[in-house]
Structures are given as C-alpha cells and as structure tokens.
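> One structure is given below, represented as structure tokens, and several questions about it will come after.
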RNA sequence: GCCGGUGUAGCUCAGGGGUAGAGCGGUUGUUUUGUAAACAACUGGCCGGGGGUUCGAAUCCCUCCACCGGCUCCA
C-alpha cells in the first residue's frame with residue numbers, strides 16, 4: 007500500500023495526503039481558515055463526517071456553512087444540541103426524531119410526568135444550548151449492532167421503536183434516523199448524551215450558534231393522530247448572522263402581507279363571530295375585487311367554449327352516496343338535516359355530481375362533446391376546528407368549478423388546451439412563476455381498475471410534460487376517483503401555493519352511469535375532467551392580496567383613483583373629472599377639502615389606491631391634474647386630464663400596475 | 001379533533017384583588033389647505049360567555065367559545 011493518497015478537489019486539482027488522512031486533514035492542508043469553518047465533507051457525492059478517513063482517488067468537497075449541504079448538517083446538529091439541552095433541563099425526557107426542514111429543524115419530545123413546554127421555556131432551552139455550544143462538545147460517531155442499539159436506548163421508547171422498524175426494513179424516515187438496516191449509528195456528545203442518528207454531523211458543537219428557537223407545537227408521533235402527541239420545538243439555523251437576520255426579516259415580511267390583516271385594514275372582508283368559524287362576509291371593497299375576478303373569469307370561459315350552469319346548495323344524500331363522497335368524506339361534510347320522514351339532506355361539498363345530472367338530463371350525442379360546464383359553485387365543508395385559516399381554509403367557499411365531459415379520443419387534446427388556458431389566466435392575474443405537480447393513485451383510497459388509473463396517469467403526465475414546465479411527482483396524492491395535475495405558483499416572496507387543479511376521472515361517469523351515443527350508434531361512457539382554476543375564489547383572492555401585499559394591480563383595485571381638491575374652490579373641477587372617469591368605468595372618488603391636503607393623501611395612500619390626483623388653481627385653469635402614483639414619492643404635475651385618462655384606461659385594460667416614474 | 005398561546009373601546013395596546021386607561025378611529029364645530037397625520041369638544045367598554053373563590057374579581061380557579069401558531073386532515 008502506498009503511503010500517500012491522491013484526492014480530487016472540486017476545482018479539478020488534486021492533492022496528496024498521507025494514508026489514513028481524514029477529510030478534516032484535507033481541509034487543514036488546504037487552509038487553516040477552511041478547516042476552522044468546515045462542517046462536513048462530500049466524498050464521492052455522499053455527505054460524511056469530517057473525521058471520515060479518505061481513500062485514494064476520491065473526489066472530495068469540504069462542506070462549509072453557507073452551502074446547501076452545510077446548512078443541512080448544521081441544522082441537524084443544532085437539533086441534537088437542542089435535544090441535549092432539553093434532556094439536561096428535564097431529566098427523563100423521551101426524545102423522538104429531530105430532522106431538518108426548510109430553513110431549520112425540529113425535534114419531538116415527551117417530557118416526564120406529562121409536563122408541557124411553554125413559549126417561555128424556549129429562552130431557557132436556547133440558553134442551555136449556548137452553554138453546550140460553548141463546551142465545544144465533539145460529535146463522536148459509533149456503529150453498533152441492532153442488539154447493542156436496543157440495549158443502549160433501553161430507556162428511550164421512541165428510539166427503540168425506530169431501531170425495531172429499521173430492523174424490519176423501515177421507511178426512509180427511519181433509516182435516516184438510524185442507519186441502513188444491519189447496523190445503526192450513534193453520535194455521542196457527552197458521557198450522558200448519545201443520540202441515534204445516521205449523521206453526518208459537525209465535528210464539534212463549537213461550529214454552531216447562529217440559530218433561534220421559533221415555537222413549540224404539538225405533533226403526533228409518526229404523524230398518526232391515534233398515537234401519542236409529542237411536544238415539538240421548531241428552530242431555525244443559518245451559516246451566518248446575516249442569513250439568520252434575513253430569514254427573520256422574511257418572516258416579518260410574510261406577516262406584513264398577511265391577507266387577514268390587510269383584509270381588515272383595507273376593509274375587504276371579515277369573519278363575524280356570529281356566523282361561526284370559517285365563514286366570511288365580503289365588504290363592498292372586497293366585493294369589488296371578487297366581482298372583477300369573477301367577471302373576468304366568466305368572460306374568458308365564454309370565449310373558451312364553456313357553458314354556464316347552476317345548482318342548489320343542498321341535496322338529498324343519495325347523490326353523494328352515488329358519487330362516493332359520503333363514503334370517503336362524510337367527516338368533512340356538514341351533518342345532514344332530516345326532513346320528509348327521515349329523508350337526509352346535505353349541504354353540498356362538491357359540484358361534480360350536479361353537473362353529471364345535467365349531463366344525464368337527456369340523451370347526449372357525441373356531437374355535443376366536449377361538453378364544458380362551468381359554475382361558480384358555493385360549497386360547504388365541515389373543516390375541523392383547528393384548521394380554518396383566514397380565507398385560505400374556510401367552511402363555506404365558492405369554487406370556479408368546471409367539468410368537461412368528452413370522449414376518450416378528445417381527452418388528451420382537451421387536457422392540453424385546458425392546461426395552457428389555465429396558465430394564461432393565472433398570468434393575467436400576475437402570477438407567472440409556475441411548476442406542475444402530478445398526483446397519482448392514493449394507495450388505500452381509490453376506486454377503479456389499475457388499467458384505468460395507469461391510463462389516466464400517463465395521459466396527465468404526457469400533457470404536463472408537453473407544457474415544458476418543471477414537473478414534480480406527488481406519489482399517492484390523487485383523489486379517490488382519479489389522478490390530477492396541479493399548478494403550483496411561486497409568489498412575490500418565493501412561497502409556493504397550489505393553484506389550479508385538473509383531475510382526470512373515469513369513475514364518476516360510471517358511478518352515475520353517464521353515457522352518450524357515439525358515431526357507431528353505441529352507448530359509450532364519457533371521460534370526465536374536473537378542474538378549478540382559482541380553486542376557491544376566496545383563497546385565490548387571499549393569495550393575490552399576499553402576492554401584491556395589498557397593492558393590487560389597477561384593474562383589481564377596489565378604488566382606482568382618488569381626486570383630492572386642494573381647497574373647496576377646486577371641488578367642482580374634481581367632481582367633473584371624476585364623472586368623466588366614472589363614465590369610462592373607472593372606480594373613482596373625490597376627497598373633499600374637509601381635512602388638510604396631506605391627511606387626505608395619507609388616507610388614500612394607506613388604502614393603497616393606485617392613483618391620487620391633486621387638483622388646485624393651476625389645474626383648474628389648465629385642465630390638468632397632479633398625479634401621485636402608488637409607490638412614488640415624486641408626484642407628476644400638469645398632466646393633461648385626457649392624457650391621464652388614456653394612460654389609466656390602457657393600464658386597466660392591460661392588467662398593469664402604476665408605473666412609478 | 002389534538003397540543004401550546006392569546007382574548008380589555010371599532011383598531012393597536014397599557015393596567016394583574018379596592019371607582020376601567022392611552023393613542024388612533026367615530027361624531028360635531030372651527031380650519032380651505034399643492035403631495036403621507038390641522039385644532040377643539042364630545043363619543044366610546046358586562047375587561048370573550050358562564051360558573052366558582054372572596055366583604056370585594058378585568059385581575060385568582062373551573063368550564064365553554066373565538067382567534068393565533070403547529071399536528072392530523074384537505075373530495
């Protein structure tokens with residue numbers, strides 16, 4: 007055996023090290039500063055501890071805190087430090103799992119004697135973590151047999167369960183906690199604290215410290231609501247102080263955009279306690295936004311060949327027996343009211359069965375297909391009490407729901423044009439950063455044959471691929487009657503929202519025995535496509551409000567122009583121009599001179615009105631306005647009224663926003 | 001539904017066993033203003049609901065409700 011190793015570095019160079027050298031030795035040989043910040047190493051594409059001995063010819067990259075791999079390692083190690091801190095503060099704690107998540111980590115605990123964490127405990131735990139970090143504890147990796155592992159964690163029931171699960175084959179979640187199935191690995195920090203973990207970890211706790219514990223929450227063991235509920239602590243951790251601050255700033259930014267806050271500030275909607283959770287009323291200003299959204303949607307759907315249908319909010323239960331909804335989702339439906347000698351009536355949670363009945367109301371010919379039925383259908387779902395959330399998760403909502411019945415031959419073409427229709431509409435609302443998700447057959451909860459499912463799935467996949475957007479697989483995420491494509495949109499601050507869904511359904515037409523007469527004179531089963539573009543109108547509005555931070559594009563703004571006369575003497579001119587604008591369909595008001603100019607401008611700015619027009623002596627004499635556009639601190643003077651009107655109408659027509667000069 | 005937190009005026013919040021407060025808002029009057037807060041007076045509350053402890057409860061205890069953050073769920 008030679009006494010040197012050749013190691014390939016990411017920049018293409020190579021470096022010789024003595025046999026037996028570790029990744030840390032490599033980092034040291036490259037530079038002492040690198041060695042000081044090094045967290046782990048990537049050896050032939052696998053992230054490993056710095057203590058790993060290198061082998062000749064390996065490609066090695068030293069992992070630093072600012073890289074994706076580095077963040078993952080330091081978050082994971084920080085989670086272990088948190089576990090140790092909790093165990094120190096609450097001896098006898100059972101600790102469960104502590105993975106990394108986007109932007110941070112969590113760890114699940116069961117405190118002794120049914121104790122609970124409070125928010126105040128977070129500071130105590132943080133302080134204890136900082137002590138552990140200042141102790142520069144090493145992370146010492148060891149490997150054990152299964153039997154040793156069971157022995158080592160004899161007093162940790164959750165760890166024992168994980169080890170036994172790994173022994174039995176295990177899920178990827180288990181193996182990431184423990185090891186690969188024949189051996190398990192542990193990391194020891196001190197004589198009294200060892201955790202089961204696959205690793206890798208930072209070499210010493212001294213590498214950590216840029217973190218913050220965020221919140222405490224309940225979480226079911228293994229995500230199963232029938233199993234014990236543990237106490238979960240969430241934290242965030244970063245490679246630099248700046249990155250942490252940036253992340254905290256992002257959270258504040260998200261809070262600033264919260265549609266619930268903006269909805270109250272801008273007087274758009276509210277949730278009167280008298281109505282019950284998850285039931286919203288739209289105020290006049292919110293009503294404008296909603297009406298404009300719906301009107302635009304109607305116009306586009308008419309152009310795209312949809313026909314408009316209507317259905318009642320309540321129906322006998324038979325309908326949902328036939329559709330299968332009662333079987334799968336009765337928990338999520340409002341309980342029935344019994345009428346007419348035991349007849350059970352339900353509020354509708356879905357529109358599709360109604361549309362099928364419309365299809366079935368008479369014999370259908372292939373010449374009528376594809377038949378596209380659209381409805382703004384209000385549905386009611388009894389969401390569990392803990393899940394309602396602003397307009398995004400409500401108990402009463404309106405779907406922009408459509409069902410397309412078509413032949414098997416038409417299916418692919420129909421889906422293709424549908425997908426581009428959907429994306430084009432979303433772009434008109436200012437969302438333009440998309441990816442697609444394909445949700446496939448749910449394992450336990452599906453009707454239909456394997457052939458039907460695989461045909462549906464492969465058709466959807468082909469359509470999604472043809473669109474050329476990024477496609478992500480969501481295994482088992484489909485509905486019980488068919489797979490779906492969902493359009494995911496990234497908003498202005500990088501969050502993703504599930505927007506439109508397109509579902510392919512061979513089942514409901516069968517369950518309802520829907521048929522059409524084909525060109526060969528045979529009764530034939532149609533294919534059904536379910537699709538919602540906004541999803542729910544309420545939720546879509548919420549997403550738009552957050553995307554634009556309340557400053558909606560001019561065409562959607564509840565109030566588009568406020569005219570502010572400098573003094574009462576200019577009121578006539580202001581009202582005259584507001585009449586002109588209103589005749590052009592502009593939503594405009596005049597702020598009379600009862601308050602100082604600055605106050606009236608401030609009020610309009612706080613309402614995020616796109617244009618504030620100030621009119622004074624010069625304007626009255628010259629037929630001009632002073633234009634204060636939203637987002638600008640530098641108003642334009644002496645703009646001719648006609649020029650402003652043209653510019654405004656063009657902006658509204660193009661779905662634009664005020665151009666800040 | 002489960003875990004934790006929070007409920008005081010329309011809004012944002014202070015007060016923590018002894019007569020319920022501020023700012024903003026609203027109303028009225030005065031002010032007539034060139035680009036983000038004029039001045040004054042007035043108005044505002046079963047301190048989330050119910051029960052209990054106490055001579056006395058916004059304050060302490062129990063319970064219900066609502067909201068907030070998560071978990072589970074999401075046709």
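Numbering (the numbering used here), first residue to last: 7 to 667. By construction, the Cβ of each residue, glycine as well, lies at the ideal position given by its N, Cα and C atoms.
1. Whose C-alpha, out of 356, 350, 81, is nearest the C-alpha of residue 5?
2. Straight-line CA distance for residue 146 to residue 275?
3. If we call anything under 8 Å between Cβ atoms a contact, is residue 398 one with residue 557?
4. Answer yes if the segment 518 to 530 comes into contact with the segment 562 to 581, meaning at least three C-beta pairs across the two stretches below 8 Å, and no otherwise.
5. Per DSSP, what kind of secondary structure is residue 77 in: helix, strand or coil?
6. Among all the DSSP beta bridges, which residues are the ones paired with residue 100?
7. Checking the sheet assignment: what are the DSSP bridge partners for residue 144?
8. Note down the Cα distance separating residue 205 from residue 222, rounded to an integer number of angstroms.
9. Looking at the unbroken alpha helix (DSSP H) that takes in residue 577, where does it start and where does it end?
10. For a quick check, are the C-beta atoms of residue 49 and residue 66 less than 8 Å apart?
11. Three Cβ pairs or more, each shorter than 8 Å: is that satisfied between the segment 499 to 510 and the segment 375 to 393?
12. Could you give the distance in angstroms between the alpha-carbon of residue 464 and the alpha-carbon of residue 411?
13. Note down the Cα distance separating residue 362 from residue 542, rounded to an integer number of angstroms.
14. Check the C-beta distance from residue 54 over to residue 29 and give it rounded, since I have them as a contact under 8 Å.
15. Taking C-beta to C-beta, are residue 84 and residue 214 nearer than 8 Å?
16. Which residue comes first and which comes last in the alpha helix (DSSP H) that contains residue 547?
17. Residue 387 and residue 394: beta carbons closer than 8 Å?
18. If distances are taken between C-alpha atoms only, which option among 258, 212, 14 comes closest to residue 36?
19. Who are the Cβ neighbours of residue 289 in its own chain at under 8 Å, not counting the five residues just before and after it?
20. Residue 349 by DSSP, collapsed to three states: which one?
21. If residue 660 and residue 615 are in contact, beta carbons under 8 Å, what's the gap, nearest whole angstrom?
22. Can at least three beta-carbon pairs, one atom from the segment 530 to 545 and one from the segment 581 to 597, be found at a separation below 8 Å?
23. Does the distance from the CB of residue 243 to the CB of residue 217 come in under 8 Å?
24. Tell me where the beta strand (DSSP E) around residue 289 begins and ends.
25. Identify the residues that DSSP records as bridge partners of residue 480: which are they?
26. With 16 other CB atoms within 10 Å as the buried threshold, where does residue 622 fall?
27. Just curious, the alpha helix (DSSP H) that residue 252 is in, first and last residue?
28. Select from 237, 633, 561 the residue whose C-alpha is nearest the C-alpha of residue 658.
29. Considering only C-alpha positions, which residue in the set 497, 59, 510 is nearest to residue 491?
30. Under 8 Å by Cβ, that's how I've got residue 225 and residue 119 pegged, so tell me the actual separation to the nearest angstrom.
31. Using 8 Å as the cut-off, can you tell me whether the segment 134 to 152 makes contact with the segment 90 to 100, which would need three or more C-beta pairs spanning the two stretches below that distance?
32. Whole angstroms are fine: how far does the CA of residue 282 sit from the CA of residue 586?
33. Measuring straight from C-alpha to C-alpha, what distance separates residue 375 and residue 102?
34. Count the other CB atoms, across all protein chains shown, that sit within 10 Å of the CB of residue 312; report buried if there are 16 or more and exposed otherwise.
35. Secondary structure at residue 612, three-state DSSP: helix, strand or coil?
36. What is the residue span of the beta strand (DSSP E) that residue 503 lies within?
The answer reads as follows:
1. No answer is possible for residue 5: it lies beyond the span of the chain, which begins at 7 and ends at 667.
2. Taking the first residue of the first chain as 1, we reach residue 146 at position 140. Taking the first residue of the first chain as 1, we reach residue 275 at position 269. Answer to the nearest angstrom: the Cα atoms are 56 Å apart.
3. Locating residue 398 in the first chain gives position 392, where the first residue counts as 1. Locating residue 557 in the first chain gives position 551, where the first residue counts as 1. It is not a contact, given that the beta carbons lie outside the stated cut-off.
4. Note that the segment 562 to 581 does not touch the segment 518 to 530; fewer than 3 beta-carbon pairs, one per stretch, sit closer than 8 Å.
5. Reading the first chain from its first residue, position 71 is the one you call residue 77. Reduced to three states, the DSSP call for residue 77 is helix.
6. By one-based count along the first chain, residue 100 stands at place 94. Secondary-structure assignment with DSSP links residue 100 through a beta bridge to 116.
7. As a working mapping, residue 144 is identified with position 138 in the first chain. In the DSSP assignment, residue 144 forms a beta bridge with 210.
8. The residue given as residue 205 occupies position 199 in the first chain. The residue given as residue 222 occupies position 216 in the first chain. Roughly 24 Å separates the two Cα atoms.
9. On the first chain, residue 577 is found 571 positions in, with the first residue counted as 1. Residue 577: member of the alpha helix (DSSP H) spanning 577 to 589, first to last residue.
10. For the purposes of this step, residue 49 is taken as residue 43 along the first chain, with counting starting at 1. For the purposes of this step, residue 66 is taken as residue 60 along the first chain, with counting starting at 1. Contact: yes.
11. These segments do not touch.
12. As a working note, residue 464 is residue 458 in the first chain. As a working note, residue 411 is residue 405 in the first chain. Rounded to whole angstroms, residue 464 to residue 411 spans 19 Å at the Cα level.
13. Reading the first chain from its first residue, position 356 is the one you call residue 362. Reading the first chain from its first residue, position 536 is the one you call residue 542. In this structure, the CA atom of residue 362 is about 20 Å from the CA atom of residue 542.
14. For the purposes of this step, residue 54 is identified with residue 48 of the first chain, where counting begins at 1. For the purposes of this step, residue 29 is identified with residue 23 of the first chain, where counting begins at 1. Contact flag correct, Cβ pair sits at about 7 Å.
15. Here residue 84 refers to the residue found at position 78 of the first chain. Here residue 214 refers to the residue found at position 208 of the first chain. Yes, the pair counts as a contact, with Cβ atoms nearer than the cut-off.
16. Within the first chain, numbered from 1, the residue matching residue 547 stands at position 541. Looking at the DSSP string, the run of the alpha helix (DSSP H) that includes residue 547 is 543 to 553.
17. Position 381 of the first chain, counted from the first residue, corresponds to residue 387. Position 388 of the first chain, counted from the first residue, corresponds to residue 394. The Cβ atoms of residue 387 and residue 394 do not sit closer than 8 Å to each other.
18. One-based indexing of the first chain puts residue 36 at position 30. Here the closest residue by C-alpha is 14.
19. Numbered from 1 along the first chain, position 283 holds the residue referred to as residue 289. Within the same chain, 273, 274, 275, 276 come within 8 Å of residue 289 by CB-CB distance, once the 5 residues on both sides are set aside.
20. Mapped onto the first chain, residue 349 falls at position 343. In the structure shown, the three-state DSSP call for residue 349 is strand.
21. Walking along the first chain from the start, residue 660 turns up at place 654. Walking along the first chain from the start, residue 615 turns up at place 609. Going by Cβ atoms, the distance from residue 660 to residue 615 rounds to 19 Å, so no, they are not a contact pair.
22. With the cut-off at 8 Å, the segment 530 to 545 and the segment 581 to 597 do not touch.
23. In the first chain, the residue the question calls residue 243 occupies position 237. In the first chain, the residue the question calls residue 217 occupies position 211. Closer than 8 Å, so yes.
24. Looking up residue 289 in the first chain gives position 283. For residue 289, there is no enclosing beta strand (DSSP E), since its DSSP letter is neither H nor E.
25. Looking up residue 480 in the first chain gives position 474. In the DSSP output, where bridge partners are listed per residue, residue 480 has 445.
26. Here the question's residue 622 lines up with position 616 in the first chain. Buried, because 16 or more other Cβ atoms sit within 10 Å of the Cβ of residue 622.
27. Taking the first chain and counting its residues from 1, the one referred to as residue 252 is at position 246. Where residue 252 is concerned, the enclosing alpha helix (DSSP H) starts and stops at 247 to 262.
28. Looking up residue 658 in the first chain gives position 652. That would be 561, whose Cα lies nearest to the Cα of residue 658.
29. Along the first chain, one-based indexing puts residue 491 at 485. Measuring from the Cα of residue 491, the nearest candidate turns out to be 510.
30. Here residue 225 refers to the residue found at position 219 when the first chain is read from its first residue. Here residue 119 refers to the residue found at position 113 when the first chain is read from its first residue. A Cβ-Cβ distance of about 20 Å is found for the pair residue 225 and residue 119, leaving them out of contact under the 8 Å criterion.
31. Proximity of the segment 134 to 152 to the segment 90 to 100 meets the contact definition, three or more beta-carbon pairs being nearer than 8 Å.
32. As a working note, residue 586 is residue 580 in the first chain. As a working note, residue 282 is residue 276 in the first chain. Between residue 586 and residue 282, the C-alpha separation is close to 43 Å.
33. Indexing the first chain from 1 puts residue 375 at position 369. Indexing the first chain from 1 puts residue 102 at position 96. Distance between the alpha carbons of residue 375 and residue 102 is about 56 Å.
34. The residue given as residue 312 occupies position 306 in the first chain. Residue 312 is buried by the Cβ-count criterion.
35. Along the first chain, read from residue 1 onward, the residue named residue 612 stands at position 606. The three-state reading of DSSP puts residue 612 in helix, counting H, G and I together.
36. Stepping through the first chain from its first residue, residue 503 is reached at position 497. Run containing residue 503: 502 to 511, per the beta strand (DSSP E) assignment.
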